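Scroll down for the structure; my scribbles are underneath it.
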Amino acid sequence: MRALRLLNWKSEPELVEVPKPVPGPGQVVIRIGGAGACHSDLHLMHDFTAGALPWGPPFTLGHENAGWVDSVGAGVTQVKEGDAVAVYGPWGCGVCSRCRLGIETLCENPFAAPIPGGGGGLGLDGGVAEYMLIPSERFLVPLPSNLDPLVAAPLTDAGLTPYHAVRRSWSKMGPEATVVVIGAGGLGHMAIQIVKATTAARVIAVDSKASALALALEVGADDTLESNDQTTVQIKEMTAGHGADVVLDFVGSEQTLKMALAAARTLGDVTLVGIAGGSVPFSFFSQGYEVSLQTTYWGSKPELEEVLNLASRGLIRAEHTRYSLADAAEAYADLAAGRVVGRAVIVP
Ligand SMILES: [Zn+2]
Ligand SMILES: [Zn+2]
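Using numbering that gives the first Met the number 0, you'd call the opening residue of the sequence shown number 0 and step up by one each time.
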C-alpha cells in the first residue's frame, strides 16, 4: 500500500510503498476514508531534531483519521469489518486514572502506552495511507450513520481540540459573555461554531487574512476584526470597555498572546491553543485582576463522542479541501503557505 512517511527529522515526507498492516490480538486495521493535514505535522517535518521527543521517524504521518474497519485481530469484540469509525488520536496506557476517564492525552504512565506521548501519525504509523493499524479497539469511536469518514476525520483533532478548549470555559460563556477567537483557520472556524452551538455567548473572530474572516462570518461569528495594533482597543470598544470574558488563541505568537491578555475582562480566561511558540510576561499586574492564563491540549474520548454528536446533528461542520493521496505533499505545501480554506483532508 502507499503511505506518506516522514523518513527523517527536518525533511519533507515521501510517498512510499509499504506492506499493508496485519492486526495482532486486540488490534484493528482500518481502511482510511479521510486523514486531516494538521499544522503540527509541519512542525514535525521542520522543527524537531533527534532526542527532542521520545520517538522519531520513520513513521507515516496523519493523526486525524476516520475510515472503515478492514480486519480485526483475535479478541476484538466492539467493532467488526465494515464499521465506520473515527480514531481517537492520543494513545495512552488505558489504565492510569486519566486514561480511565478517557483523557488519554494526559496519560500519567506514558511508557506503558503504544508509544510514549504519541499515537498514530505521532511516532507510530498514521492515516495518510491506504490502511492504518490501530493498536487497540479502545481507540475507535463508532461514527453516527450520517457522518462520512471524510467529514469526520478533521473532527478528531481540528474539532476535538477547540471543543475541549471551549468546554473548559463554558462557565464563563453566559448569554452576556463575549468570546474572542484569535485565528479563524482549521481549528478557529470550528471553535466559532462550537461556541455558537453550545452557548449563547457572542463571538468576535480575529484574523489577519480576509478569507479567514469571511469564513468566520459564514460559520456564525457575530463580528470580525482584522488583527493589527488596534484590535485590543476595538475589542474593548465592542464590550463597553470591559474586554472579552474568554479569549481563545489559536495562533500562540507573542503578538497574539499579548493581544489576548490585554483584551481579557477581569475574571476572564485566556486559553493558549496554537503552537506558534510565542511567550508573554505573566505577573500580578500584567493583565486584569483574576484573569486565568491556561494551555489546552487536544481532548478526551468522551469529548470526541460529543463532537461527533454535534456534527451528526448538523450543528458543527469542518470546512475542508480534499486532496488525493498522490497529492498529499501538495496538501502540506498549501497548508504551509496558508492557502487552505478550512482543513485539508487527504483521501486515498
Ligand atoms: Zn493536529
Ligand atoms: Zn494512562
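The beta carbon of each residue, even a glycine, is placed where N, CA and C say it ideally should be.
Only a predicted model underlies this, so the values are computations on that prediction, with no experimental measurement involved.
| Item | Value |
| --- | --- |
| Taking only heavy atoms of ligand 1 into account, decide whether any of them is closer than 8 Å to the Cβ of threonine 294. | no |
| Let me check one thing: in DSSP terms, what residues is methionine 131 bridge-paired to? | Ile29 |
| Grab me the residues of methionine 237's own chain with a C-beta within less than 7 Å of its C-beta, minus the 5 sequence neighbours each way, in chain order. | Ile203 and Asp222 |
| Could you compute how far the alpha carbon of glycine 32 sits from the alpha carbon of asparagine 64? | 8 Å |
| For proline 89, which residues in the same chain have their Cβ closer than 6 Å to its Cβ, ignoring the five residues on either side in sequence? | Glu103, Thr104, Gly118 and Trp297 |
| Whole angstroms are fine: how far does the CA of glutamine 286 sit from the CA of leucine 216? | 29 Å |
| Starting from histidine 319, trace the beta strand (DSSP E) in both directions and tell me its first and last residue. | 319-323 |
| Relative to the alpha-carbon of arginine 166, which residue among Thr270, Leu334, His42 and Val344 has its alpha-carbon at the smallest distance? | Thr270 |
| Using only the alpha-carbon positions, how far apart do alanine 220 and proline 22 sit? | 44 Å |
| With lysine 171 and valine 245 assumed to form a contact (beta carbons below 8 Å), what rounded beta-carbon distance in angstroms separates them? | 5 Å |
| Under a criterion of Cβ closer than 5 Å to any non-hydrogen atom of ligand 1, which residues qualify, in chain order? | Cys37, Ser39 and Asp156 |
| Under 8 Å from any heavy atom of ligand 2, does the C-beta of glycine 357 make it? | Since the first and last residues shown for the chain are 0 and 347, residue 357 lies out of range. |
| Should serine 10 and proline 56 be called a contact, given that it needs their Cβ atoms to be closer than 9 Å? | yes |
| Could you give the DSSP three-state label for asparagine 308: helix, strand or coil? | helix |
| Given 8 Å as the limit, tell me if proline 109 has its C-beta closer than that to any heavy atom belonging to ligand 2. | yes |
| Three-state secondary structure (DSSP) at leucine 266? | strand |
| Is any heavy atom in ligand 2 found nearer than 8 Å to the beta carbon of arginine 137? | no |
| Hey, out of Ser252, Arg264, Val250 and Gly50, whose CA is closest to alanine 239's CA? | Arg264 |
| What did DSSP end up calling isoleucine 102 once you bin it into helix, strand or coil? | coil |
| Can the beta-carbon of glycine 267 be found less than 9 Å from the beta-carbon of alanine 243? | yes |
| Cutting at 6 Å between CB atoms, please list the residues of its own chain near alanine 164, excluding the five before and the five after it. | Leu247, Thr270, Val272 and Thr295 |
| With distances taken from CA atoms, which of Thr231, Arg99, Leu60 and Leu154 is nearest glycine 122? | Leu60 |
| Cα-Cα, which of Glu302, Leu132, Ile191 and Pro148 is closest to glycine 66? | Pro148 |
| Identify which residue in Leu100, Gln233 and Ser207 has its Cα closest to the Cα of proline 301. | Leu100 |
| On the DSSP letters alone, give me the boundaries of the alpha helix (DSSP H) that glycine 214 sits inside. | The residue asked about is misnamed: residue 214 is leucine in this sequence, not glycine. Counting along the chain, the alpha helix (DSSP H) containing leucine 214 begins and ends at 209-217. |
| Just mark tyrosine 130 as buried or exposed, buried being the case when its beta carbon has 16 or more other beta carbons within 10 Å. | buried |
| Could you check whether glycine 91 and glycine 25 sit closer than 9 Å to each other, using their CB atoms as the reference points? | no |
| Using CA atoms only, rank isn't needed, just tell me which of Arg137, Val140, His319 and Asp333 is closest to valine 218. | His319 |
| Looking at the C-beta of asparagine 64, does it have a partner C-beta in chain B at a distance below 9 Å? | The structure shown contains no chain B; it is built from a single protein chain. |
| Would the C-beta of glycine 91 count as close to ligand 2, meaning under 8 Å from any of its heavy atoms? | yes |
| Can you tell me where the beta strand (DSSP E) holding glutamate 16 begins and where it ends? | 13-16 |
| For threonine 155, tell me which candidate among Arg338, Tyr322 and Ile315 has the shortest Cα-Cα distance. | Ile315 |
| So, helix, strand or coil for tryptophan 67, using DSSP? | strand |
| When you measure from the CB of alanine 112 to every non-hydrogen atom of ligand 2, does any distance come out below 8 Å? | yes |
| Between which two residues does the alpha helix (DSSP H) holding aspartate 333 run? | 327-335 |
| Mark leucine 6 as exposed unless 16 or more other C-beta atoms lie within 10 angstroms of its C-beta, in which case mark it buried. | exposed |
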